[in-house]
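Each residue of the sequence shown is one higher than the one before, starting from 252 at the first, in this note's numbering. C-beta: ideal position from N, C-alpha, C; glycine also. Computed from a prediction, not measured in an experiment: that's the story for all the values here. Beneath this line is the structure, given in structure tokens, with notes to follow.
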Amino acid sequence: MSKGNPLEPLTGVVSAAFALSAGVLGLATAIRLTVGLFDPVCFTAKYWPYGGESRGLVEGTRLDDVERARLCVDDPAPWQHVLSFLSEAPTALARVVALLLLLKLLRNASRHGIHTADTAAGVRRFGHYLLWVLPAAAMADSIARTTLVHAAVTFDAGYLSFLGEWEAPWWAVITGIALLSLAKIMRASAEMREELEGTV
252 MSKGNPLEPL
262 TGVVSAAFAL
272 SAGVLGLATA
282 IRLTVGLFDP
292 VCFTAKYWPY
302 GGESRGLVEG
312 TRLDDVERAR
322 LCVDDPAPWQ
332 HVLSFLSEAP
342 TALARVVALL
352 LLLKLLRNAS
362 RHGIHTADTA
372 AGVRRFGHYL
382 LWVLPAAAMA
392 DSIARTTLVH
402 AAVTFDAGYL
412 SFLGEWEAPW
422 WAVITGIALL
432 SLAKIMRASA
442 EMREELEGTV
């Protein structure tokens with residue numbers, strides 16, 4: 252570990268977290284796209300009007316878990332497998348990419364310095380990623396889940412029900428906004444540093 256590099260412990264932790272997350276995501280994706288193709292497609296209907304009764308379901312769909320209103324399609328079509336994959340993959344992938352971007356940002360800051368225009372630009376890009384991409388990925392998950400529900404029930408589940416299913420990552424939104432503000436401060440600091448170096 253470099254004694255003069257305060258970012259090195261954090262860089263190591265983020266690097267290990269990224270490697271582990273990428274490995275788990277890759278393994279889970281491989282299993283999902285191979286062995287998982289022979290399994291039923293199951294999903295949760297957040298709004299279930301019939302309590303514990305197995306009603307309002309299209310043929311081939313069953314109520315697997317009463318308490319969670321978990322529905323299963325025993326003989327799913329290929330498009331249902333795709334939607335089942337998309338109901339989880341976007342957020343998982345977006346989080347792994349966020350770790351990668353953070354790792355690149357830390358390594359760039361370690362190499363070129365914290366108070367530089369490049370580092371400030373990297374912080375700004377990372378802030379925009381957290382602010383926009385992670386909520387969009389969560390929305391994609393929600394749309395995929397609610398589409399599965401719409402195809403499995405006979406009652407009107409509501410065309411805007413995906414908004415109720417949307418689990419917005421508010422931590423990412425708040426962190427993204429904070430990073431954008433920090434990037435402005437770092438940019439100003441970098442410009443002041445360049446001016447001071449130019450006068451010396």
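>> Between G415, L385, E339 and W421, which has its C-alpha nearest L276's C-alpha?
In response: Nearest C-alpha to L276: E339.
> Helix, strand or coil for T312 per DSSP?
Replying inline: Three-state result, T312: strand.
> Got a sec? Which residues, its chain only, sit under 7 Å from D326 by beta carbon, not counting five neighbours each side?
Replying inline: Excluding positions up to five away in sequence, the list reads G311.
> Should the stretch 363–381 be regarded as contacting the stretch 418–436, the criterion being three or more beta carbon pairs within less than 8 Å?
Replying inline: They touch, by the three-pair rule.
>> Quick check on T295: does DSSP put it in helix, strand or coil?
In response: T295 falls in the strand class under three-state DSSP.
>> Report the CB separation of V347 from S393 in whole angstroms; it is logged as a contact under 8 Å.
In response: 19 Å between Cβ atoms; not a contact.
> When the Cα of V317 is compared with those of P329, R358 and A296, which residue comes out closest?
Replying inline: Ranking P329, R358 and A296 by Cα distance to V317 puts A296 first.
> Whose C-alpha, out of G373, A389 and A349, is nearest the C-alpha of S266?
Replying inline: Of the candidates G373, A389 and A349, A349 places its Cα closest to the Cα of S266.
>> Can you find the residues in the same chain that come closer than 8 Å, C-beta to C-beta, to N359, ignoring five residues on each side of it along the sequence?
In response: Same-chain partners within the cutoff: D369, T370 and G373.
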